[in-house]
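Trainee: Can you keep this structure in mind? I'll have questions shortly.
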Amino acid sequence: MATRYEPQAAEQKWRDEWDAAGLFKAKPPAEAGDAPKAFVLEMFPYPSGKLHVGHVRNYAMGDVVARHRRAKGYNVLHPMGWDAFGLPAENAAMERGINPATWTYANIASMRGQFKQLGLSLDWSREFATCDPEYYGTQQALFLKFLEKGLVYRKASKVNWDPVDNTVLANEQVIDGRGWRSGALVEQRDLTQWFFKITAYADDLLDAVQKLDRWPEKVRTMQANWIGRSQGATIWWEIAEVPEALARIGKDGGPNHATDPIEVYTTRPDTLYGASFLALAPDHPLTRTIAAHDPDVAAFIAEATRIGTSEEAIEKAPKLGVDLGVRVRHPFDPDWVLPVWSANFVLSTYGSGAIFGSPAGDQRDLDFARKYGLPVKPVVLPPGASADDHEIVDEAYTGAGTIYNSGFLDGLTTDAAITAAIEHLEQLGAGESKTVFRLRDWGFSRQRYWGCPIPVIHCEACGVVPVPAGDLPVRLPEDATFDKPGNPLDHHPSWKHVPCPTCGKPARRETDTLDTFVDSSWYYARFASVSDPAERAYWLPVDQYVGGVEHAVLHLLYSRAFARAMRDVGELDLPSGEPFAGLFTQGMVTHETYKSADGRWLSPTEIERRSNGLIEIATGEHVEVGPIEKMSKSKRNTVDPDVIVSTYGADVARWFVLSDSPPERDVEWTQAGVEGAARFVQRTWSLFDALPEGPCPAPGTDADSIALRRVSHKAVRAIDKAITEFRFNSAIATIHEWTNALKKAEAAGADLTGARAEGAAMLARCLTPFMPHLAETCWARIGGAGFVSGAAWPATDDSLVEDDTVTLAVQVNGKRRGEITVARDMPADEVEAAARNLPELAVHLEGRAVKKAIVVPGRIVNIVVA
RNA sequence: GCCCCUGUGGUGAAAUGGUAGACGCGGCGGAUUCAAAAUCCGCUUCCGAAAGGAGUGCUGGUUCAAGUCCGGCCAGGGGCACCA
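Here's what the structure looks like:
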């Protein structure tokens with residue numbers, strides 16, 4: 071009698087039993103025996119309080135990998151924790167008067183419950199939240215080690231200021247000129263901030279990222295672009311002449327930097343003979359010095375600043391400049407004097423904030439030169455062009471070629487000329503080879519409460535004093551108030567007032583906290599072990615990391631840098647220096663959007679599908695279907711995982727988010743798809759339910775039994791391979807084909823029972839990574855030993871995987887005209903003869919000479935005719 | 001502007017250079033049912049009655065054979081961007 075599988079009861083039951091058995095606890099290294107280790111990690115969640123479908127997809131993927139590895143005999147570490155610091159907790163405090171810690175821990179409790187419902191094979195014994203004082207205390211100790219080593223420093227600089235979140239942001243957190251969280255237009259402010267010296271690792275981070283062969287190419291490229299290494303030269307241009315006003319400065323006593331050589335960075339020293347001017351950034355020190363004495367220059371700086379730094383403004387901004395009156399000597403010709411300008415297209419933050427303009431070889435320089443009537447001398451001859459007819463009008467030639475009009479560089483290729491020019495500069499002492507990075511140091515202090523306090527004390531007499539190790543952790547005060555803008559730690563009446571640890575005089579705690587990206591930069595190491603270096607060495611690096619691509623230049627770059635810094639202070643010893651050996655970036659979950667007749671966004675629960683289209687339930691009005699977009703609160707196109715789980719079960723949710731699209735691509739959540747997944751669950755259960763109770767016979771040796779066994783054994787191999795290669799949708803397709811075959815075999819009667827039972831026993835184990843609860847129920851139904859979640863991956867028989875006959879397509883001139891089934895090892899000439907005798911081919915071969923026949927054993931026969 | 005990725009049925013998508021469209025969704029037809037739901041079976045790239053022909057964004061090439069490799073274009077997405 072056919073029964074239905076009831077997910078709600080079964081799922082809870084199995085989760086309780088797994089928990090009681092401690093099934094997913096990682097084995098300590100000493101107990102692991104010969105089993106290889108596998109550290110499988112998904113980017114840990116921010117405890118917003120509510121799980122969304124994107125989480126389900128992310129963690130389901132990690133769980134497939136973890137469960138598969140476990141079945142393959144690995145000692146698996148698959149932990150879970152909480153990225154718990156951050157602004158939403160403070161916003162909750164401001165809006166609702168809830169203490170951020172209370173709010174956060176309550177969210178963690180409810181999300182933990184939701185996670186547990188998904189049946190993930192997690193080792194919860196290692197759970198922690200980054201806001202636990204014990205965790206951030208360890209982080210403070212790490213900070214102090216970095217400080218001592220010079221990897222962390224404090225400096226005044228121009229920083230990105232988010233006026234909505236009231237805090238500083240790192241360059242990586244400014245997207246298109248806006249704050250990554252608030253979306254507010256970011257302002258530039260001069261502030262003293264804490265920096266992590268990520269640039270100390272720029273070379274290594276770039277070189278090593280190319281070797282991460284189990285990372286997506288896309289992420290590697292993004293990191294390489296972000297680091298932005300360029301090879302070139304620094305050139306010092308001697309001052310020949312300064313304006314009169316400036317010449318007086320030194321006479322008043324102070325040093326006169328206006329007479330120091332001007333440092334310029336270039337990647338094209340081969341075009342030095344095409345130089346026609348120098349251009350300094352508007353906020354270059356020399357520009358500022360001159361501005362103090364020259365109203366025209368001051369006005370120019372004001373104008374350049376006014377245009378702003380937003381992307382749009384920069385795109386449209388005209389090239390502006392002002393002659394500073396300074397003149398410099400060309401390094402290769404002391405008689406050659408060039409003017410020094412300030413130009414708004416020169417960035418103070420890149421290179422030395424100064425360039426030499428070589429208009430024939432650079433479009434911006436050319437535009438600038440044309441506008442202000444500066445000379446344009448071509449020095450690179452494109453391949454095939456001749457010196458007589460090559461002319462630069464209003465398009466610069468930036469490509470490679472042969473150097474001319476360039477003294478000793480004449481006749482060299484651009485590459486050779488770069489080398490020769492640098493060599494000559496070095497001989498003259500006028501320049502040197504130099505590598506410049508786009509990457510800036512990570513400004514990681516934040517003017518917020520809910521973060522890790524920076525463990526230093528400012529003393530008027532002693533300066534910046536580290537908090538003594540014995541006083542760590544520096545805990546956040548629990549009685550902070552959030553009723554006014556600004557940093558609550560700074561407003562707190564007593565927290566910051568402490569005696570200086572060195573001299574004992576009244577001093578002041580640092581009230582900035584660390585960027586929450588610091589918390590996530592080393593948490594994987596904490597999962598590996600709280601403090602035991604040997605245990606960390608055993609588990610690390612993370613073998614498979616899974617998360618969103620939005621962290622390509624944020625978390626994933628910071629973590630790599632932190633791993634290096636931790637190595638340099640003796641905290642971590644990774645063989646390759648890399649924390650994440652394998653990375654997979656999953657796509658998002660999207661959904662249709664819906665708009666009511668009067669333009670309100672509607673949630674999927676507010677609409678109904680009728681024969682005449684979609685209508686809004688509340689009003690009966692027609693609903694307009696909008697584009698398919700990432701699920702978001704604002705578009706209201708979200709689906710509540712709780713509802714899915716309580717209606718269909720966690721297995722259905724897990725199955726659906728993995729089944730429809732390749733994991734790296736976005737998947738569209740559809741009601742029809744979920745129902746399809748639910749149907750598959752019942753269909754699969756029916757396969758097991760249709761088997762006889764009690765022991766089943768051994769598989770038969772008749773042709774049909776063997777054919778069915780072949781399907782099963784091949785499917786196991788295919789699924790194994792697909793999971794290993796992160797092709798979960800393909801694994802699922804194979805499972806579908808397999809269950810279809812098993813279903814069909816039910817009609818064949820008792821002869822196939824043995825083969826069906828064997829297939830079912832294998833299927834239960836292959837289903838486990840995807841639908842663990844259903845698999846467990848099925849496993850119990852056929853009397854499987856223990857938990858299927860603890861069972862080994864099914865063994866397969868080579869003789870059943872490899873066929874002894876093969877079906878070959880037979881082509882004539884590359885077009886398929888028929889097929890033959892022959893013994894796998896039939897000699898090529900016999901295959902050819904058999905193929906040529908196919909009746910379907912007669913019409914295509916008639917009256918035409920066979921030029922040759924290609925026989926690819928096991929693949930194809932192609933007969934080539936005239 | 002530079003760099004990268006992706007273009008395959010109504011739809012999500014498969015396809016170590018070797019039978020294009022597996023598998024799923026949807027649709028159509030049928031069985032079961034008093035009826036429906038559920039379930040099961042069949043069909044479902046296009047043109048054509050069929051034989052057959054065409055077909056993986058466009059275009060050219062390499063090859064016995066191209067969705068797959070190479071060149072040029074077009075479209076969509078992403079990254080970087082007055083970066084010297």
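Numbering-wise (this note's numbering), the first sequence opens with residue 71 and increments by one.
Cβ coordinates follow ideal geometry from the N, Cα and C atoms, glycine included.
1. Might you give, ordered along the chain, the residues of its own chain that have their beta carbon closer than 6 Å to the beta carbon of THR337, omitting 5 neighbours on each side?
2. If we ignore side chains and look at the alpha-carbon of each, how far apart do VAL416 and ARG166 end up?
3. As a quick exercise: from GLU678, ASN907, GLY928, VAL935, pick the residue whose alpha carbon is nearest that of ALA919.
4. Label PHE478 either buried or exposed according to how many other C-beta atoms from any shown protein chain fall within 10 Å of its C-beta, with 16 as the threshold for buried.
5. Thinking C-beta only, is TRP592 closer than 8 Å to MET636?
6. Quick one: what's got a C-beta closer than 6 Å to PRO839's C-beta in the same chain, skipping five residues either side?
7. Going along the chain, which residues of its own chain have a beta-carbon closer than 7 Å to the beta-carbon of LYS705, five neighbours each way excluded?
8. In angstroms with no decimal places, state the Cα-to-Cα distance between PHE587 and GLU76.
9. Considering only residues of the same chain and omitting the five flanking positions on each side of TRP863, which have a CB-CB separation below 6 Å?
10. For THR237 versus GLN656, is the C-beta spacing smaller than 8 Å?
11. Answer with buried or exposed for ALA100, where buried requires no fewer than 16 other C-beta atoms within 10 angstroms of its C-beta.
12. Around the C-beta of TRP88, are 16 or more other C-beta atoms found within 10 angstroms, so that it is buried, or is it exposed?
13. Can you give me the C-alpha to C-alpha distance between SER422 and ASP235, rounded to a whole angstrom?
14. Taking only runs that begin and end inside the stretch 194 to 261, name each unbroken alpha helix (DSSP H) of 4 or more residues, in chain order.
15. Could you tell me which residues DSSP pairs with TYR335 in its beta bridges?
16. Where does the unbroken beta strand (DSSP E) through VAL463 begin, and where does it stop?
17. Report yes or no: do three or more beta-carbon pairs, one from the stretch 356 to 369 and one from the stretch 459 to 470, lie closer than 8 Å?
18. Evaluate SER564 with the Cβ neighbour count: other Cβ atoms within 10 Å of its Cβ, from every protein chain shown; 16 or more gives buried, anything less gives exposed.
19. If you draw a straight line from the alpha carbon of PRO547 to that of THR572, how long is it in whole angstroms?
20. Going by C-alpha distance, which of GLY743, GLU763, THR740, GLU828 is nearest THR771?
21. If we ignore side chains and look at the alpha-carbon of each, how far apart do HIS625 and ARG634 end up?
22. Considering only residues of the same chain and omitting the five flanking positions on each side of GLY471, which have a CB-CB separation below 7 Å?
23. CB-CB under 6 Å to MET841, same chain, minus the five flanking residues each way: which ones, in chain order?
24. How about the stretch 421 to 440 and the stretch 331 to 348: do they share at least three Cβ pairs that are nearer than 8 Å?
25. Which two residues bound the contiguous alpha helix (DSSP H) that contains CYS836?
26. Looking at the strands, I want to know which residues DSSP matches up with LEU997.
27. How is LEU653 classed by DSSP in three states: helix, strand or coil?
28. Once you ignore the five residues that flank GLU978 on each side, which residues in its own chain have a CB closer than 6 Å to its CB?
29. Roughly how many angstroms lie between the CA atoms of GLU382 and ALA294, to the nearest whole one?
30. Taking three-plus beta-carbon pairs below 8 Å as touching, is the stretch 806 to 822 in contact with the stretch 738 to 747?
31. Quick one: give me the first and last residue of the alpha helix (DSSP H) that SER666 is part of.
32. Is the beta carbon of MET150 closer than 8 Å to that of GLU218?
33. Looking at the structure shown, is ASN557 part of a helix, part of a strand, or coil, going by DSSP?
34. Check SER775 in the structure and name its three-state DSSP category.
35. Out of ALA199, VAL659, LEU822, GLN280, point me to the one whose CA is closest to ASP589's CA.
36. Classify PRO115: buried if its beta carbon has 16 or more other beta carbons within 10 angstroms, exposed otherwise.
Mentor: On the basis of the data shown:
1. The answer, listed in chain order, is SER300, GLY302.
2. Taking the CA atoms as reference points, VAL416 sits about 47 Å from ARG166.
3. The residue among GLU678, ASN907, GLY928, VAL935 with its C-alpha nearest the C-alpha of ALA919 is VAL935.
4. Label assigned to PHE478: exposed.
5. One thing to note: MET636 has its Cβ within 8 Å of the Cβ of TRP592.
6. If we look at PRO839 and ignore the five residues flanking it on each side, its Cβ neighbours are VAL134, ARG137, HIS138.
7. Here the set comprises THR663, TRP671, GLU699.
8. Cα-Cα distance, rounded: 43 Å.
9. Answer for TRP863: ALA141, LYS142, listed in chain order.
10. With respect to GLN656, THR237 sits apart: the two C-beta atoms are not nearer than 8 Å.
11. Residue environment for ALA100: exposed (fewer than 16 other C-beta atoms within 10 angstroms of its C-beta).
12. Here TRP88 is buried. Its C-beta has 16 or more other C-beta atoms within 10 Å.
13. Per the coordinates, the alpha-carbon of SER422 lies some 32 Å from the alpha-carbon of ASP235.
14. With a minimum length of 4 residues, the unbroken runs of alpha helix (DSSP H) contained wholly in the stretch 194 to 261 fall at 203 to 219.
15. DSSP lists THR304 as the beta-bridge partner residues of TYR335.
16. Unbroken run through VAL463: none, as it is neither H nor E.
17. Judged by Cβ distances under 8 Å, the stretch 356 to 369 makes no contact with the stretch 459 to 470, as fewer than three pairs qualify.
18. With fewer than 16 other Cβ atoms within 10 Å, it is exposed.
19. Going from the Cα of PRO547 to the Cα of THR572 covers about 23 Å.
20. The shortest C-alpha separation from THR771 is found at GLU828.
21. Between HIS625 and ARG634, the C-alpha separation is close to 14 Å.
22. Beyond the five residues adjoining it in sequence on each side, GLY471 comes within less than 7 Å, by CB distance, of VAL450, LEU451, PRO452, PRO453, THR484 in the same chain, given in chain order.
23. These residues qualify, in order along the chain: ASP721, TRP725.
24. Contact holds: three or more Cβ-Cβ distances are below 8 Å.
25. Counting along the chain, the unbroken alpha helix (DSSP H) around CYS836 starts and ends at 823 to 837.
26. Lying before the first or after the last residue shown, residue 997 is absent from the chain, which here runs from 71 to 936.
27. Note: LEU653 maps to strand in three-state DSSP.
28. As displayed, the chain neither begins before 71 nor continues past 936, which places residue 978 out of reach and without an answer.
29. The predicted model places GLU382 with a pLDDT of 46, which falls under 50 and marks its position as unreliable, so this point remains unresolved.
30. By the Cβ criterion, the stretch 806 to 822 is not in contact with the stretch 738 to 747, since fewer than three pairs of Cβ atoms, one from each stretch, lie closer than 8 Å.
31. Looking at the DSSP string, SER666 is not in any alpha helix (DSSP H), and its letter there is neither H nor E.
32. Not closer than 8 Å, so no.
33. The DSSP-derived three-state label of ASN557 is coil.
34. Assigned with DSSP and collapsed to three states, SER775 falls in helix.
35. Nearest C-alpha to ASP589: ALA199.
36. Buried is the call here.
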